[in-house]
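Inspection log for the structure reproduced underneath, given as structure tokens.
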Amino acid sequence: MVKLLKSNKQKSLKCAKQARGTLGKVVEMVEADRYCPEIIQQVDSVIGLLKTAKRELLAGHLDTCVAHQLIDNKKKAIDELLKIYNLSN
């Protein structure tokens with residue numbers, strides 16, 4: 333297995349950690365019965381951060397693992413890309 337590019341991994345990890353922190357804040361806000369639009373705004377922030385983390389992971393994966401896999405086993409690479417695509421939709 334080829335390692336994910338360091339920059340993609342770092343960006344993804346940073347976003348995932350930010351999402352985790354923001355999600356904790358969402359839980360606290362719900363428990364404190366805060367104003368719903370404020371909570372929704374934080375939920376949207378978590379979703380955006382997770383989408384960015386996912387995009388970075390995918391970009392790194394395409395640039396490393398899939399690029400090598402296309403050379404070694406094209407069918408497996410295509411099947412994997414279709415699986416990722418289907419999970420995303």
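So for the sequence shown, the numbering used here puts the first residue at 333; every next one is plus one.
Think of the CB as a built atom: it goes at the ideal place given N, C-alpha and C, for glycine as much as any other residue.
Since this is a predicted model, take the numbers as computed values, not measurements.
Reduced DSSP secondary structure (H/G/I, E/B, other) of Arg366: coil
Spatial distance of Lys383 from Asp376 (CA atoms): 10 Å
Whole runs of the alpha helix (DSSP H) within the stretch 371 to 407, excluding any shorter than 4 residues: 399 to 404
Residue burial classification, Val358 (beta-carbon count within 10 angstroms, cutoff 16): buried
Contacting residues, own chain, Cβ-Cβ under 6 Å from Met333 (five flanking each side not counted): Confidence at Met333 is low in this model, with a pLDDT of 48, below 50, so the placement of that residue is unreliable and no value is reported for it.
Best match in Gly380, Val378, Glu412 for proximity to Leu394 [C-alpha to C-alpha]: Glu412
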